[in-house]
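Heads up: the sequence shown runs through residues 0 to 124, numbered per numbering that gives the first Met the number 0. Even for Gly, the Cβ is constructed at its ideal location relative to N, Cα and C. Remarks on the structure that follows.
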Amino acid sequence: MLHIKPIIDDSCEAFLRAEGVQTSYGEGVDVALYEQEKLIGAAHVSFLPDTALLEGVYLTPARRGFGFGDFLTRAVMDAYTRSLPYFKVAYKSDYFLKFGFQESEDGMIIKSEEITFPSQCGGHK
């Protein structure tokens, strides 16, 4: 069973360091992805006026390719587009185009009310 939760201690940062990932994130929220009780992924979101900024998503190499990173990213986007008018990604990636993001000078951005979550099973558009 997968579950996510915001982390207020340094366990996500310690997890990323142990995985060999360099982080230099500032203030914000770490969101952890657990499979059963094992930490397998993390995302970092910081906040600008009226904007949630996704600064990074990481998944352990052994759990990649199963859709877990997509699950974590969608959950983070869903949580923060409900409370802030804009959602921004600190890097450019074609992955975000399917949700309606537009490229900006320094990443990707969307008005929260315009985000769409395409179906994973192909049954809904």
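Return the CA-CA distance between residue i and residue j, expressed in angstroms with no decimal places.
{"i": "D105", "j": "A61", "result": "30 angstroms"}
{"i": "S45", "j": "D29", "result": "9 angstroms"}
{"i": "S10", "j": "L32", "result": "12 angstroms"}
{"i": "F116", "j": "G99", "result": "9 angstroms"}
Give the secondary structure of residue i by DSSP, where H, G and I count as helix, E and B as strand, and everything else as coil.
{"i": "Y57", "result": "strand"}
{"i": "E12", "result": "helix"}
{"i": "M76", "result": "helix"}
{"i": "K97", "result": "helix"}
{"i": "L27", "result": "One point to set straight first is that residue 27 is Gly, not Leu, in the sequence displayed. G27: coil per DSSP, three-state reduction."}
{"i": "S118", "result": "coil"}
{"i": "A17", "result": "helix"}
{"i": "G66", "result": "coil"}
Write down the C-beta distance between residue i and residue j rounded to the nearest angstrom, noting that I regard them as a contact closer than 8 angstroms.
{"i": "G55", "j": "A42", "result": "7 angstroms"}
{"i": "L52", "j": "A13", "result": "Incorrect: roughly 22 angstroms between the Cβ atoms, too far for contact."}
- Query: Does the region 111-119 come within contact of the region 77-92, defined as at least 3 CB pairs closer than 8 angstroms?
  - Reply: For the pair of segments examined, the region 111-119 was found to touch the region 77-92: the number of CB pairs separated by less than 8 angstroms reaches three.
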